[in-house]
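Letter 40 of the sequence shown, counting from 1, is numbered 39 in numbering that gives the first Met the number 0, and no numbers are missing. Ideal Cβ placement from N, Cα and C applies to all residues, glycine included.
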Amino acid sequence: MTRVIEFSPPMSGIEGEFNTFRLGVAWSKRLNPGEEVLLMDKKLYSVMGSAKVTGITVGALREMGALYGSQNHNQKHLPKEGAGERVATAMIKRYGPNRCCYDSKVTVIHLKYTSPEG
């Protein structure tokens, strides 16, 4: 079974090696390193390409942001300084402070882009 990972605009940096942060631990149980996944534009409901899962890391948002924020697909084109804080702020804004905070568990999915058409 091929899994689909949805991305909501704004999105960038989905080339080469990158990661995506997901709230909770569910994605850490769904995916395995080496698995191929489809990348989908949620707004357009279209496949943007495919990627290989190169790793999965689970931890608190604050810690994961500090460790992996600069490789996040939306942060790759920005300065590394402050990337973890920007990732955390974006997630808290997206999910709301009642669902997401600096101590929330997140899954970081490390990916390598493999194909523009899935």
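Under 8 Å between C-beta atoms of residue i and residue j
i, j, result
"residue 18", "residue 108", "yes"
"residue 45", "residue 35", "no"
"residue 52", "residue 106", "no"
Local conformation of residue i per DSSP, three classes
i, result
"residue 14", "coil"
"residue 112", "strand"
"residue 60", "helix"
8 Å contact criterion, which residue i and residue j should meet: CB distance rounded
i, j, result
"residue 47", "residue 13", "6 Å"
"residue 99", "residue 22", "6 Å"
Contacting residues, own chain, Cβ-Cβ under 8 Å from residue i (five flanking each side not counted)
i, result
"residue 115", "47, 48"
"residue 2", "29, 30, 34, 36, 37"
"residue 74", "12, 68, 82, 85, 86"
With 16 other Cβ atoms within 10 Å as the buried cut-off, status of residue i
i, result
"residue 113", "exposed"
"residue 66", "exposed"
"residue 83", "buried"
Residue i: CB within 7 Å of a non-hydrogen atom of the ligand NAP
i, result
"residue 7", "Here there are no bound small molecules, and the ligand NAP is not part of this structure."
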